[in-house]
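Asker: Chains as they are written, first to last, in this note's numbering: chain A, 1 to 160; chain B, 1001 to 1120. All C-beta atoms in this analysis are idealised placements derived from N, C-alpha and C, irrespective of residue type, glycine included. Below is one structure. I have some questions about it.
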């Protein structure tokens, strides 16, 4: 393997996306979120006692579906029936195995091993929204409310 | 998803993100990121590769448990495809002289379809 590089190895999706949509004739580049300050919550009990809740960007219906198909709480047995028609690399891989983006079975194995206390009976869908305000004022508080109902202690977030 | 993580942290729920778009997540700023250098679509490991998936999830939980400061990024050591990683990285959202006209045309068609949907 060549150990010399002139550019970073991992993909910059900000740079590639800006160039890609500019080539498609979009005049205003997407503005990504940036914050200088980052909140930080500490675990208040051992991980082995914690209940884990999973958040996904997969949807309950095709992309054009209503908002309720993107912002939702669903039972874990529904994890294999989601839509993944958002942007991802269709040339390099596929999403036929739901565990690659919504790891309910792998987390259940962690419960059996005692790494975590339990997994929430529901997982949560978070819309990929262009509006940062909608995400912060509507979606995130709703997901928090569902997590409180389900006794979730810690969250595993998995954007496809 | 990074915004959701930030919100949950602000109300006292610790989070970890498992993601492949490292630059987007780090630009936003999150408490804990497990970066997996995979093509978009399979952040939790390769399809049907239970061993890799278990290792990714185990690493995410380990990060959740052990990070002591925000903006902690850990890169999972798994390699997607040691012989072809350069190819998928280059190919995704590629813009070149050979596809520039097609991209411009696709964008125009998409905007026209969007405009048509907005008409009463």
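Quick one: does residue 144 of chain A have its CB under 9 Å from some CB of chain B?
Answerer: Along the first chain, one-based indexing puts residue 144 of chain A at 144. Interface residue, yes.
Asker: Between residue 1044 of chain B and residue 100 of chain A, which are expected to be in contact by the criterion C-beta below 8 Å, what is the C-beta distance as a whole number of angstroms?
Answerer: Reading the second chain from its first residue, position 44 is the one you call residue 1044 of chain B. Reading the first chain from its first residue, position 100 is the one you call residue 100 of chain A. About 5 Å; that satisfies the 8 Å criterion.
Asker: Classify residue 152 of chain A as helix, strand or coil using the three-state DSSP reduction.
Answerer: Start at 1 with the first residue of the first chain, and residue 152 of chain A comes out as number 152. Three-state DSSP puts residue 152 of chain A in coil, outside helix and strand.
Asker: Check this for me: beta carbons of residue 1071 of chain B and residue 38 of chain A, under 9 Å apart or not?
Answerer: Counting from 1 along the second chain, the entry for residue 1071 of chain B is found at position 71. Counting from 1 along the first chain, the entry for residue 38 of chain A is found at position 38. Taking 9 Å as the Cβ cut-off, residue 1071 of chain B and residue 38 of chain A qualify as a contacting pair.
Asker: Expressed to the nearest angstrom, what Euclidean distance is found between the alpha-carbon atoms of residue 97 of chain A and residue 160 of chain A?
Answerer: Against the first chain, residue 97 of chain A aligns to sequence position 97. Against the first chain, residue 160 of chain A aligns to sequence position 160. Cα to Cα, the separation comes out at about 13 Å.
Asker: Nearest-angstrom Cα distance between residue 1068 of chain B and residue 10 of chain A?
Answerer: Position 68 of the second chain, counted from the start, is the residue given in the question as residue 1068 of chain B. Position 10 of the first chain, counted from the start, is the residue given in the question as residue 10 of chain A. Approximately 25 Å between the Cα atoms of the pair.
Asker: Report the three-state DSSP secondary structure of residue 38 of chain A (helix, strand or coil).
Answerer: Within the first chain, the letter at position 38 stands for residue 38 of chain A. Here residue 38 of chain A sits in coil by DSSP.
Asker: Please list, in chain order, the chain A residues whose beta carbon lies closer than 8 Å to that of residue 1116 of chain B.
Answerer: Here residue 1116 of chain B is taken as the residue at index 116 of the second chain, counted from 1. Neighbours of residue 1116 of chain B on chain A: none; closest Cβ ~14 Å, over 8 Å.
Asker: Here's the rule I'm using: 16 or more other beta-carbon atoms within 10 Å means buried, otherwise exposed. How should residue 1011 of chain B be labelled?
Answerer: Translated into the one-based positions of the second chain, residue 1011 of chain B becomes position 11. It is exposed - the Cβ of residue 1011 of chain B has fewer than 16 other Cβ atoms within 10 Å.
Asker: Over the uninterrupted beta strand (DSSP E) stretch that includes residue 1019 of chain B, give me the two end residues.
Answerer: Counting from 1 along the second chain, the entry for residue 1019 of chain B is found at position 19. Per DSSP, residue 1019 of chain B belongs to the beta strand (DSSP E) from 1015-1019.
Asker: Excluding sequence positions up to five away, which residues of its chain have a Cβ less than 7 Å from the Cβ of residue 1025 of chain B?
Answerer: For the purposes of this step, residue 1025 of chain B is identified with residue 25 of the second chain, where counting begins at 1. Cβ neighbours of residue 1025 of chain B beyond the five flanking positions: 1002, 1017, 1019 and 1033.
Asker: Less than 9 Å separating the beta-carbons of residue 71 of chain A and residue 143 of chain A?
Answerer: By 1-based counting over the first chain, the position of residue 71 of chain A is 71. By 1-based counting over the first chain, the position of residue 143 of chain A is 143. Yes. Within cutoff.
Asker: State yes or no: is the beta carbon of residue 1069 of chain B nearer than 9 Å to at least one beta carbon in chain A?
Answerer: Translated into the one-based positions of the second chain, residue 1069 of chain B becomes position 69. With its beta carbon less than 9 Å from one in chain A, residue 1069 of chain B belongs to the interface.
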